[in-house]
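Protein chains in written order, with the working numbering: chain A, 8 to 267; chain B, 8 to 267; chain C, 8 to 267; chain D, 8 to 267; chain E, 8 to 267.
Backbone N, C-alpha and C fix where the C-beta goes; we use that ideal spot for every residue, glycine too.
Notes follow once the structure below has been shown.
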Amino acid sequence: MSRTASVICCALAVWFSLVSAGFAADREKLLTDPGVYGTFAAFRIDPDWRKLETPARIAQLTTLKAVIEQHREKLAIEPYLLTGLSEHADVLVRAHATELKDSQQFLVDLQNSAFGKYLTSVAVFHGLTKKANYVPAFPDQMKNDLKAPSESGPYAIVIPIRKDADWWALPQDKRTGMMQEHTEAALPYHKTVKRKLYHSTGLDDFDFITYFETAKLDDFQGLILSLQKVKEARHNRRFGNPIFVGTTKSVDQLIETLAQ
Amino acid sequence: MSRTASVICCALAVWFSLVSAGFAADREKLLTDPGVYGTFAAFRIDPDWRKLETPARIAQLTTLKAVIEQHREKLAIEPYLLTGLSEHADVLVRAHATELKDSQQFLVDLQNSAFGKYLTSVAVFHGLTKKANYVPAFPDQMKNDLKAPSESGPYAIVIPIRKDADWWALPQDKRTGMMQEHTEAALPYHKTVKRKLYHSTGLDDFDFITYFETAKLDDFQGLILSLQKVKEARHNRRFGNPIFVGTTKSVDQLIETLAQ
Amino acid sequence: MSRTASVICCALAVWFSLVSAGFAADREKLLTDPGVYGTFAAFRIDPDWRKLETPARIAQLTTLKAVIEQHREKLAIEPYLLTGLSEHADVLVRAHATELKDSQQFLVDLQNSAFGKYLTSVAVFHGLTKKANYVPAFPDQMKNDLKAPSESGPYAIVIPIRKDADWWALPQDKRTGMMQEHTEAALPYHKTVKRKLYHSTGLDDFDFITYFETAKLDDFQGLILSLQKVKEARHNRRFGNPIFVGTTKSVDQLIETLAQ
Amino acid sequence: MSRTASVICCALAVWFSLVSAGFAADREKLLTDPGVYGTFAAFRIDPDWRKLETPARIAQLTTLKAVIEQHREKLAIEPYLLTGLSEHADVLVRAHATELKDSQQFLVDLQNSAFGKYLTSVAVFHGLTKKANYVPAFPDQMKNDLKAPSESGPYAIVIPIRKDADWWALPQDKRTGMMQEHTEAALPYHKTVKRKLYHSTGLDDFDFITYFETAKLDDFQGLILSLQKVKEARHNRRFGNPIFVGTTKSVDQLIETLAQ
Amino acid sequence: MSRTASVICCALAVWFSLVSAGFAADREKLLTDPGVYGTFAAFRIDPDWRKLETPARIAQLTTLKAVIEQHREKLAIEPYLLTGLSEHADVLVRAHATELKDSQQFLVDLQNSAFGKYLTSVAVFHGLTKKANYVPAFPDQMKNDLKAPSESGPYAIVIPIRKDADWWALPQDKRTGMMQEHTEAALPYHKTVKRKLYHSTGLDDFDFITYFETAKLDDFQGLILSLQKVKEARHNRRFGNPIFVGTTKSVDQLIETLAQ
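Here it is in structure tokens:
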């Protein structure tokens, strides 16, 4: 980014942090509570965007930032850069809200903004966070292990999953048994790969949206390979297709990348 | 919406309500009677639309309203906003008519209108409402429970379903038994999730279009999860793909959103 | 359509009927004989078309009419309006010819015409009409019933079908038995739903193109539901996908609709 | 084609036949020898092409002819017209070469030519011609029958095929047995339908590209129906999808059609 | 390429080799070590590119070269020409890096470059190189045979593979046994076909990206046919779809081809 662009971005950053002070949603609660809707919206940036001059890009990217700031009161919003790592998308936005219509309003405002005119919707996934279904029946040691913190970023991976009809027809204790085997396979990667689960049945064409963050992609791959080997994996009718891979970015970092 | 835009919209609203008085179809009958065709048409709004100035948008949105008013005599028409909640569509229109060619004429006029030039057809589903097939054989208590009213909106979900060959080969009593189990699973959600069923075999590539309205998306998800666990669900060859999720809007509300 | 447009269309209609007198193919024979190729070509009309002024549209639609007239000597050509009833297509053309290359020449000329520049090919199906395979082995009563006339239009539905490998491996008498059950299921709808069968194996990715016309869509749906319940239906590897639903139009009616 | 256009084309034809004399590849050998790569490249012509004036079209079509002439030394190149007979493609080119990179150079030059700017690649299939795998084990009478000449054009059909895992796991003698049954079913059509086989495993997503030419499409359909009934057909995981149907054209005939 | 273009390219080549001296990543290590991420990014060149004049093309291609040079410090980057050999892509880039975010930065810079404005992302595959899983358990003779060098280019083929659930559920020794059979089938082609394996589970929708280089495409086809016949092949849920076929090019050769 040129020096001028940097100065403009800094000035904007200060201004936004002033005007938005005190209005932000309780971000921590949105990111950890059950009963919260997570929306994953992936966009392609139209080729015409790349033909704009840098000042025009910066002017429009400020509208992206303004829209995000404007919705900070109700939503926790995180952007990701997908270009080069995912097939047909450039930007991913994850929004957490207690009402899905608030996320819709944010995405409507985003697409109506000056920058939004260059975005094409590629995929939208929704899921509801819930209290862990199976964990209460797990052994105490496993429950404890699951409470340890996980390291995060800069890599983020989103894998939507659809289970087969047999899975849903199984009695709860059979599913609990399989989920315990699944969790045992995942535990060795608990420290270096952060996971978050969204229940999406009926809200899109999947049953779960699984979200991962890691600094160690080889550990993440080890985790997925381990999970593929347990019996529960045989009930995945669809796993990914698409998988989104990207890197976590602050709004300012994303703007800086897109302004280039 | 700017103040000017609001004033224009209000003026239009008054004018339309004057000119259209007394011509409306018997909306209630269309929405409740058997033998009515429901058409679901989803559209993407072309990116060029977002590049128009607000006055130009409002001028064109009045043509949307005019087309809807013009067909109120024969059709019950409801618009939905899908942007941000569904993958490749922005607007959904549900039209009820006693003749499918009346719905076609409406959609031809819509696409020929000034606003329609910015719409691309993404999906069209049709279904016929029928007297309940299986309910007559259900226990009286269940019949009674099904008569209680359901709460509606603001969320609307459309899930098309295709059954497998085995389903259609089953004798009627076997299907009735499974549908009774299905209905038992659904009853706990009867109050907070409104459902409507359309038979679409031969009219599109599905057998049923299921339509839901709710204020409680978590109850809706609970309903779908319950329905996935009954035996009848194993006969769903296709469930969704696509699922459309949106919010109910009056024509004026939709215009206001799109005029921004 | 404006008055001017009507006058122009009428004048054209007279002129064409004069110049084309005596050259038309034996339309009845093409529509009823075995050994005739039926081509179904579905088109989307490009969005730019809707941005033209009415006189420009009419000027170009006359080229559509001229191309159809020009090929009347060898082909029976029928247009359908799909807009609003089918997903990705606006216009369907059905052409019958004794040589497929004559249909190709017609479609090449259509796409090269001024109107054709706005058409994008969405789907092309071909099939050969044949003497009924199984009917000779049917009971006399059934043969008689099949000779009764069927009512037609205004609704037309095209359903392509692909059979599975098991179907083709069955001995002829087994297939005849199943087709007799199929025909029994269809007979109650014989009066109100007109059917025509095209054999398309090798000419496109289907085995049959089934064509229906009716004024009673609910009877048509009853017919398809009945056919789904017989054993032969289990050998449908693909049924529809896409199904095309539209309304029959004369060339003049289609031009009138598109000129608006 | 207008008279001027005809004159230009003729003049070009004479000039090309002069400059290219003596440089042509041994076309017969390329079309009959084993160890030759066949490439099938299908293109859609962009809608903008149809908006050009005839002289501009002819000027650009001469570049198509020039590119074909330029590669005559190493390749045997044949064009086909698909418009109206195949779904998403207008032109098919079949090129035979002893090195696939020579076909690539031809197709790069084609796309870089003035006419090539209007071509969008729709599908590319490659296959290697081989000595017949199974024929040596066939009875002498069958071997003799296969040596009789077949009639060709004007219809050409390309059907790509992928076999299932079971097919490749079968021992050679089982496959030979099935291929003998396949050949017996095909022999009655040997005279009127010309066939050519390309082995494409690993070069694209198919195992075989089958190519047909015929003047009698009903015989071609009879052939495919017969082949669908033998046991070997059960090992077709994919058959067609897409099937390309077109008509054979000389370069001059194709230019004449496209110049209109 | 014209003489002027050649001179410009040569001058650029000298300049780049001067400025980039001493900064290149340890290319050999990146291409042979385990623990390296390989990214395959396939692009279509927009049709507008072909409408530019040669000097404009050359000016923009220098930005392609500049971006590749700029990332030589951390990445090993190889370009391939796909035009004419693969269906929907023109250029493939393979990048090796120890951190996937370095490959992302390269691809972001590439798409932001003047040339990048004409590239549309068609497919992105990622994989991690690993120490051979099964080889330690193979017989010594086989281990030795695998150490012999393989011949390379000019043909490069990329085949992504997804295994089925059964494969991952097998115990390690069963998989080793099958991989030994697989390796035996591949050894006859070891000399003329170069292979490289990338583990992609979780990083895209495949489990492996297999990369091949050869001068003898018929040997490559023999290899794939042999591999299709072993038991391990029955566990390929997806093989290719898409397969990319292209030719290896130096950056200068690619620029020369694209500048034409």
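query = Is the CB of H103 (chain A) under 9 angstroms away from at least one CB in chain B?
reply = no
Proximity of D5 (chain A) and I250 (chain B) at Cβ, strictly below 9 angstroms = Residue 5 (chain A) lies beyond the residue range present for chain A, which begins at 8 and ends at 267; the question has no answer from this structure.
ask   = What is the DSSP secondary structure of S128 (chain C), counted as helix, strand or coil?
value = strand
key: Beta-carbon neighbours of I84 (chain C), restricted to chain B and to distances below 8 angstroms   = What I84 (chain C) touches in chain B: nothing, since even the nearest Cβ is about 22 angstroms away.
Whole-angstrom distance between A102 (chain C) and A32 (chain C), CA atom to CA atom = 12 angstroms
task = State yes or no: is the C-beta of K256 (chain A) within less than 9 angstroms of the C-beta of L107 (chain A)?
result = no
task = Find the residues of chain E that neighbour T217 (chain D), judging by a C-beta separation of less than 7 angstroms, and give them in chain order.
result = Chain E residues near T217 (chain D): none, gap ~17 angstroms exceeds 7 angstroms.
ask   = On the three-pair Cβ rule with 8 angstroms, is the region 163-179 of chain A touching the region 188-199 of chain A?
value = no
ask   = P249 (chain E) by DSSP, collapsed to three states: which one?
value = coil
query = From which residue to which residue does the alpha helix (DSSP H) around F227 (chain B) run?
reply = L224 to Q235
request  = Leaving aside the five residues before and after G253 (chain D) along the sequence, list all residues of the same chain whose C-beta is less than 7 angstroms from its C-beta, in chain order.
outcome  = Y87, L88, L89, L92, S93, L99 and A163
key: chain A contact for A240 (chain B) (CB, 9 angstroms cutoff)   = yes
key: Neighbourhood of K238 (chain C) by C-beta distance below 7 angstroms, restricted to the same chain and skipping five residues each side   = M185 and E188
inquiry  = Strictly under 9 angstroms for the Cβ-Cβ distance: is S110 (chain C) near chain D by that measure?
reply    = yes
ask   = At a CB-CB cut-off below 9 angstroms, which residues of chain C make contact with D53 (chain B)?
value = P54
inquiry  = Cβ closer than 7 angstroms: which chain D residues qualify as neighbours of S269 (chain C)?
reply    = Lying outside 8 to 267, the shown extent of chain C, residue 269 (chain C) is not represented and no answer is given.
ask   = Is there at least one Cβ from chain D nearer than 9 angstroms to A28 (chain C)'s Cβ?
value = Only weak support exists for where A28 (chain C) lies, its pLDDT of 44 falling under 50; the coordinates are left without a value.
inquiry  = Between P54 (chain A) and K124 (chain E), how many whole angstroms is the CB-CB distance? I'm expecting something under 8 angstroms.
reply    = 6 angstroms
key: Spatially closest choice to A96 (chain E) from D:K181, D:K154, D:I75 and D:Q118, by CA coordinates   = D:Q118
request  = Taking only runs that begin and end inside the region 96-163 of chain B, name each unbroken alpha helix (DSSP H) of 4 or more residues, in chain order.
outcome  = 107-119 and 147-154
inquiry  = Please report the distance separating the alpha-carbon of S159 (chain E) from that of S207 (chain E).
reply    = 23 angstroms
ask   = In chain order, which continuous runs of the beta strand (DSSP E) of length 3 or greater are located wholly inside the region 56-94 of chain C?
value = 83-88
Against chain C: residues of the region 69-84 of chain D by CB proximity under 8 angstroms = none
ask   = Taking all protein chains shown into account, do 16 or more other C-beta atoms lie within 10 angstroms of the C-beta of E76 (chain A), making it buried, or fewer, making it exposed?
value = buried
ask   = Which residues in chain A sit within 9 angstroms of L204 (chain E), going by Cβ to Cβ distance?
value = Simply none; closest approach about 14 angstroms.
task = Give the residues of chain E in contact with Q235 (chain A), contact being defined as C-beta atoms less than 8 angstroms apart.
result = A172, W175 and T208
query = Cβ atoms of D109 (chain D) and K81 (chain D): under 9 angstroms apart, would you say?
reply = yes
message = If you measure between the beta carbons of A104 (chain D) and L37 (chain D), is that distance less than 9 angstroms?
response = yes
ask   = What is the rounded straight-line gap between the Cα of T69 (chain A) and the Cα of I262 (chain A)?
value = 8 angstroms
key: First through last residue of the beta strand (DSSP E) which encompasses H206 (chain C)   = V200 to H206
ask   = Pick from B:L232, B:V200 and B:Q179: whose alpha carbon is nearest that of E220 (chain B)?
value = B:V200
Beta-carbon contacts of G247 (chain B) that lie in its chain and below 6 angstroms, excluding the five residues immediately before and after = I166
request  = Go through its chain and collect everything with a Cβ distance to K203 (chain B)'s Cβ below 6 angstroms, but skip five positions before and after it.
outcome  = Y218
message = Give me the chain B residues within the contact set of G123 (chain A), using Cβ-Cβ distance strictly less than 9 angstroms, ordered along the chain.
response = R57
inquiry  = Just to confirm, is the Cβ distance from A176 (chain E) to K170 (chain A) under 9 angstroms?
reply    = no
request  = Pull out every residue of the region 149-165 of chain C whose Cβ sits closer than 8 angstroms to any Cβ of chain B, in chain order.
outcome  = P161, Y162 and I164
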